[in-house]
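Read left to right, the sequence shown gives residues -22 to -1, 1 to 737 (mature numbering (1 follows the signal peptide of the UniProt record, and there is no 0)). Positions of the beta carbon are idealized from the N, C-alpha and C atoms, including for glycine. Here the structure comes first, spelled out in C-alpha cells, and everything after it is commentary.
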Amino acid sequence: MNRINILVICMVVFFMTGNACATEWISSEDLITSDFHLMTADERNVVKAATDDSMEAAYMLKDNIRWYYHNGDLSLPANFSNQNKLVVNGNLTISGDYDDYLSGNGHLIVLGNVIVDNFINHDFAYVKGQMTAKGLVYADYNDHNFEVMKGISARGIIVSDKATQFEVIKAEFYINEDGSGEGYNWDENIQKAYSLVTADLYDHTEIETDNISNAYPDYDSVADNIVQGLPLFRDKAAPEINEKLKWIETGKLDNFPANKIKHQDPLVARFLTHKESLSPAVMLQLLQHPDDQTRESMAQSWPAQQMHLLTDELIKDEAIARGLVKNSNISADVNKKLMSVPVESVQLEQARQDNLSPDIVASLSHSPFLSVRKTLLSHYDYAWLVPTAVADELINNEDPELRERITGADLTAQQAVMLSKDRSLKVREALARTLTELKITQLSATLRTEDIERIAEQMYLDNKENKNIVKALLIALPEMRQLSLAKEDVHNLREGARYLTSKDVISYLLTQHDVPTVWDELARDKLLPLEYKKQLWQRTLNLMMSKRQEDQEQAYEVQLALIDNGVVDEEMLNNAIDLLVDLPAEYRYRMRNQLFDNKELPSGIINKLDQQYRFNSDWALAVVSMKNSTRRQSERGLHRWNSEDSDIFAELATIKDKSDDEWWRALLQSRNDHLRQTALRNAHTPASLLTTLTESQDRSLAINNPQLAADVKTVWLKEDPSLLLFVDQPDLSQLRDLVKTGATRKIRNEARHRLEEKQ
C-alpha cells in the first residue's frame, strides 16, 4: 500500500480465542484515495468476464454504477470498514475483521481469495476464490447476494435472509434459514452455536422458551461486537448449555434451584427470565445475576403481584431500572423510586413512556439531563404538567426546539409574553396555537381570558405579515379584532370558525357572506347556539336550489356537519329525514348514517325512522343503542341483527312474556354484552337497577341514562373521576381538573379533547 490512514476507535487490545483483535479500523474512504482508482471501462469489462458465474455481478457492474479498482493483491494490517464499491483484482488479506454495514453500504468484488478474522456482510460480496476466516462469517439482508465461488472455511457461518452461492469447506456450525440437503441438521447447528458463541450475540427479546431452536446470533449484536473489538466466541466451549436450555423448553424448572441461579451461564439465565412460572425466589436470584441483560430482562417481565418484593437496593441497580421502566405492570411506588437512579439511560427510557402519572412527569422535568427533559416534553400533554420553575428555566434555553415544546406548559402571563417575542418563528407559531387552545378550553390556572387576548393582540400587531401566526391566533384575539379580520377577508376565519363565540362575528358571517367553506367550519361548532344553527340550515336549503352542482354539494356537506355536531331540534331532524329522498346517493347514505349514529334522538324521530327502515339491518343495530327507543323497537332490532340460532334469540325467547320492567331487568342481568349494553343505555330501564352497578365499563354506559339518580352519579364520579369522560354534559371545572390530575396520559388527553368540544 502507498498510504493508509487508520481510524483509531480505541487503542485497547482485546485478546480473544487464540488471537488478538485490535480495535483500529481502516476506512474505505481512505483507501480509495491511496490504493484504488476509479474503474475504467476496460477494467470493468475484465471484471464482468471474470464474474460471469455470479448471480448479481452483471447488474452491479452496470456502467452507471461507480466502482473503485485495485490491481493485484491487497493486504490490510487492521480491521476494514467498507462503505464504497471496491474491486480487488487479486487476493485480499485482512489482519482483522471486515464490515460493510455499520459505516455505510459497502460492496466488494475480490477476484482471488480472502483471508480474514471475521467477515460481516450486509450488502453485495463476491469472491472468485476461497474465503478463510478464523472466526465467523455472517451474511444478512436480502437486497444483495453473498457469493464465494470456491467455498468457505470458518469457525462458524450464519446466513440470514440472504441469497447466497458457496460451499462449506469447514465450519464447526453452519446456520442458514434456507439450509437444506442431505446431512444438514438445523437443530444441531443451533446447539453448536449456543455452546461456542458469547451470550451477548443473542437478542434476548426474541427468545422463545417453548422453541429453543429458533434463536441464533443477532446480526446487529455481532456487528456491534466487531466494531467495539469484543469477542464473538467463548473462551471455552460449553456444550452443557444445551441440556439446560432443553430443561427450560420442557418446563423442568426444578432443575434450577434458587441458590444456584447466580452461577448459571448468562444465556441460560436470559432464557429463564422469559418463563412465566418461575418462583419468586428464582426471580429474585435472577435479579442478582452478574449479567446485565439477565437483570434487565427479568425486571422488564417482573409480575405486578410481586412488585412489593423489589427493594430500594434492587431498584437502584441500573440494569434492573432499565428493565422496570419498560415494564407495563410497574406500580406507582416503584416508578417513584426509579427517580432515585440518576442515570441518563434510565431516566431517558422513563421519559419515553406513554402513560406517566402527573407526579412522575413533574419529577422528570427536574432531571439534570437535558436529553431527558427534551424527550419528556415531546409528548403532547407532558409539558402541561411541568412546574412553573422548570418552564422558567427552559424558556431561556438556547435550544429552540425545547422552547417550542415549553409553549405547551401552563404558562404565566410573563412567560407567555417572553415566548411571544422569541426569535424563533416556530416558537411563536406554537405559542399562537397554545393561546387559542387556552382561550377555547379556559384551562389555564394563571392566564385569564383578558390576558390571552392582550398577548394575542400584541402578537398579531408584531406578526401581522405572517399568515400562519394570524390564522393560529384568530380565536385568541379580542372579538373586535376577529370582526375586523372577517371584514378584511372572510377566509381569515375559515380554520377557526368552529370555535367562534362572538355573536357579532357569527351574525356577520351568516348575513353578509355566502361562503359555504366557512359555513362548514361554523357548522362543526358543537356549542353553536340553536338560533344560528337554524339560520345556517335555512341558508343551505337556499343553496340547494342553485343550479351549480358545486353549490349543492357544499350545501349537503354543511347539513351533514350540522346534524353531526351538537344539539339540533326536532324540526331540523324532521327536515333532514324529509330531504333523504331527494339527496344524491352518496349524501343520502351519509345523512342516513349520521341520523342512525345519533344515540340521543327524540322518540318521535326514532318512530319516524323506524317506519322507514324497520327492516334495515343497519337501523336494527342502531336502534338498540338509542337512549329513547322503546322495548318493542329494541326487541325487534335485536332479533333483526342476530341470527335465529344465536344465544341471544334463545335468551329473548325466555323473557318475551315478561312485563316491561322485568324485560329490561333481564337484559341488564344478562351475560351477553349486547343485551346488557342495550339496557344500560336505555331510558326505560328502571332506576333502581342502575344503582347496583359496580363495574366501570357498565357505569360508563349508564352514566348518561336519564333514570340514573344525580346523587348516584356524583358518587360514581368521586370513586372514578375518569367516568367524567363519558358524561354528555360534563362539569367543565371537573374536566379541567382531570386534564391535570388524570391517572394516565390517555385520560388526560381525552379530557383535554372534551374541553375543546364543550367550551
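Give the secondary structure of residue i by DSSP, where H, G and I count as helix, E and B as strand, and everything else as coil.
| i | result |
| --- | --- |
| residue 554 | helix |
| residue 35 | helix |
| residue 134 | strand |
| residue 712 | helix |
| residue -1 | Confidence is the limiting factor: at residue -1 the pLDDT is only 44, short of 50, which leaves the residue's position unreliable, though a coordinate-based value still follows. In the structure shown, residue -1 sits in a strand (DSSP, three-state: E or B). |
| residue 299 | helix |
| residue 104 | strand |
| residue 373 | helix |
| residue 127 | coil |
| residue 142 | strand |
| residue 43 | coil |
| residue 187 | coil |
| residue 71 | strand |
| residue 724 | helix |
| residue 109 | strand |
| residue 718 | helix |
| residue 438 | helix |
Look at residue i and residue j and say whether their C-beta atoms are less than 8 Å apart.
| i | j | result |
| --- | --- | --- |
| residue 60 | residue 75 | no |
| residue 685 | residue 665 | yes |
| residue 302 | residue 723 | no |
| residue 190 | residue 227 | yes |
| residue 603 | residue 659 | yes |
| residue 500 | residue 521 | no |
| residue 605 | residue 661 | yes |
| residue 102 | residue 122 | yes |
| residue 541 | residue 510 | no |
| residue 327 | residue 351 | no |
| residue 447 | residue 410 | yes |
| residue 682 | residue 706 | yes |
Take the Cβ of residue i as the centre, count every other Cβ of all protein chains shown within 10 Å, and call the residue buried at 16 or more, exposed below.
| i | result |
| --- | --- |
| residue -1 | Here the model assigns residue -1 a pLDDT of 44, short of 50, so the residue's position is not dependable, and the following value carries that caveat. Buried is the call here. |
| residue 139 | exposed |
| residue 257 | exposed |
| residue 15 | exposed |
| residue 607 | buried |
| residue 731 | exposed |
| residue 86 | buried |
| residue 136 | buried |
| residue 214 | exposed |
| residue 593 | exposed |
| residue 40 | exposed |
| residue 233 | exposed |
| residue 494 | buried |
| residue 733 | buried |
| residue 44 | exposed |
| residue 401 | exposed |
| residue 174 | buried |
Which residue from the options puts its Cα closest to that of residue i?
| i | options | result |
| --- | --- | --- |
| residue 425 | 412, 436, 437 | 412 |
| residue 378 | 189, 365, 407, 360 | 407 |
| residue 435 | 395, 114, 404, 464 | 395 |
| residue 118 | 156, 109, 211, 540 | 156 |
| residue 616 | 588, 653, 647 | 653 |
| residue 5 | 34, 80, 33, 292 | 80 |
| residue 416 | 550, 102, 192, 735 | 735 |
| residue 183 | 199, 259, 641 | 199 |
| residue 331 | 318, 307, 466, 141 | 307 |
| residue 179 | 573, 543, 245 | 245 |
| residue 185 | 223, 211, 356 | 223 |
| residue 236 | 259, 214, 249 | 259 |
| residue 294 | 314, 318, 283 | 318 |
| residue 89 | 77, 100, 109, 66 | 66 |
| residue 104 | 25, 173, 52, 151 | 25 |
| residue 675 | 729, 651, 69 | 651 |
| residue 131 | 148, 141, 124 | 148 |
| residue 582 | 11, 552, 423 | 552 |
If residue i and residue j are in contact, beta carbons under 8 Å, what's the gap, nearest whole angstrom?
| i | j | result |
| --- | --- | --- |
| residue 343 | residue 354 | 6 Å |
| residue 455 | residue 438 | 6 Å |
| residue 384 | residue 361 | 6 Å |
| residue 429 | residue 391 | 5 Å |
| residue 239 | residue 263 | 4 Å |
| residue 726 | residue 720 | 4 Å |
| residue 68 | residue 50 | 5 Å |
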